[in-house]
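A short worksheet on the structure shown next.
Residue numbers (full-length UniProt numbering): 1 to 202.
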């Protein structure tokens with residue numbers, strides 16, 4: 001088919017579907033590329049803002065999974081150490097000693113003769129069973145008269161490294177039997193205290 005007859009050479013007329021712009025086709029492509037580059041440049045700052053949040057989220061997730069898997073992390077180690085200190089009752093022991101109205105640790109110069117005991121031998125805390133305690137593991141309640149028991153209750157015994165027994169708790173005892181003994185001993189001493197108070201007020 002001869003297309004020559006279909007070609008018309010004339011000037012532009014209103015209503016023509018094709019308009020001659022005189023602009024090469026590659027110029028339009030370049031314009032689109034510049035527009036795309038501008039959009040990318042606008043997105044970069046937004047990506048930079050989001051990046052730290054994404055990194056923090058990834059780190060938090062890694063820590064969670066590491067703790068679940070038992071992997072050691074700084075936060076996990078700090079929590080573990082804090083738990084061990086809390087379990088050992090170190091804070092409670094220090095608080096008990098500070099709040100005790102009758103200090104049971106005596107200085108060497110306040111004692112004479114066989115009663116002289118240095119501070120190095122009276123640390124006040126003993127480590128056994130994986131914890132700190134106010135008494136030795138072989139501690140035994142005094143098997144004597146009520147007067148001696150009262151002295152142990154109020155003042156303890158420096159030579160035997162016993163604190164005032166009134167500041168002890170069941171956690172200081174080596175077994176359940178000793179815990180029961182402490183409970184019974186405390187009950188008896190509280191009865192004595194009550195009688196003393198009644199006589200004093202009378």
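Here a beta-carbon is modelled for each residue, glycine too, at the ideal position from N, C-alpha and C.
Distance, Cα to Cα, residue 10 vs residue 3?
Using only the alpha carbons, I get a separation of about 17 Å.
Give the straight-line distance between the Cα atoms of residue 135 and residue 148, rounded to the nearest whole angstrom.
If I take the Cα positions, the gap works out to 18 Å.
4 or more residues per run - each alpha helix (DSSP H) lying fully within the stretch 145-176:
If only complete runs of 4 or more residues are kept, the stretch 145-176 shows the alpha helix (DSSP H) at 146-154, in order along the chain.
Cα-Cα separation, residue 133 to residue 141:
Distance between the alpha carbons of residue 133 and residue 141: 16 Å.
Can you tell which of 6, 125, 29 and 43 has its C-alpha closest to the C-alpha of residue 161?
Comparing C-alpha distances from residue 161 to each of 6, 125, 29 and 43 shows the shortest one belongs to 125.
For residue 74, does the three-state DSSP call read helix, strand or coil?
In the structure shown, residue 74 adopts helical secondary structure according to DSSP, grouped into three states.
Which residues in the same chain as residue 44 place their Cβ atom closer than 7 Å to its Cβ, once the five residues preceding and following it in sequence are excluded?
Around residue 44, the same chain offers no residue with a beta carbon nearer than 7 Å, after the five sequence neighbours per side are excluded.
Just to confirm, are residue 166 and residue 153 a CB contact at a threshold of 8 Å?
In this structure, the beta-carbon distance from residue 166 to residue 153 falls below 8 Å.
Output needed for residue 182: all residues of its chain with C-beta closer than 7 Å, excluding positions within five of it in sequence on either side, in chain order.
Spatial neighbours of residue 182 in its own chain (CB-CB distance under 7 Å, excluding positions within 5 residues in sequence) are listed in chain order as 168, 170 and 173.
Report yes if the CB atom of residue 12 is closer than 8 Å to the CB atom of residue 19, and no otherwise.
In this structure, residue 19 lies closer than 8 Å to residue 12 by Cβ.
Could you check the C-alpha separation between residue 194 and residue 185 for me, to the nearest Å?
Take the alpha-carbon of residue 194 and the one of residue 185: they are about 14 Å apart.
With DSSP run on the structure shown, which of helix, strand or coil describes residue 35?
Of the three classes helix, strand and coil, the one that applies to residue 35 here is helix, per DSSP.
At which residues does the beta strand (DSSP E) containing residue 10 begin and terminate?
Segment: none, residue 10 is in no beta strand (DSSP E) and carries neither H nor E.
Within 10 angstroms of its Cβ, does residue 164 collect 16 or more other Cβ (buried), or is it exposed?
Taking all protein chains in view, the Cβ of residue 164 is crowded by 16 or more other Cβ atoms within 10 Å, so the residue is classified as buried.
Which value, in whole angstroms, describes the spacing of the CA atoms of residue 198 and residue 78?
C-alpha separation (whole angstroms): 51 Å.
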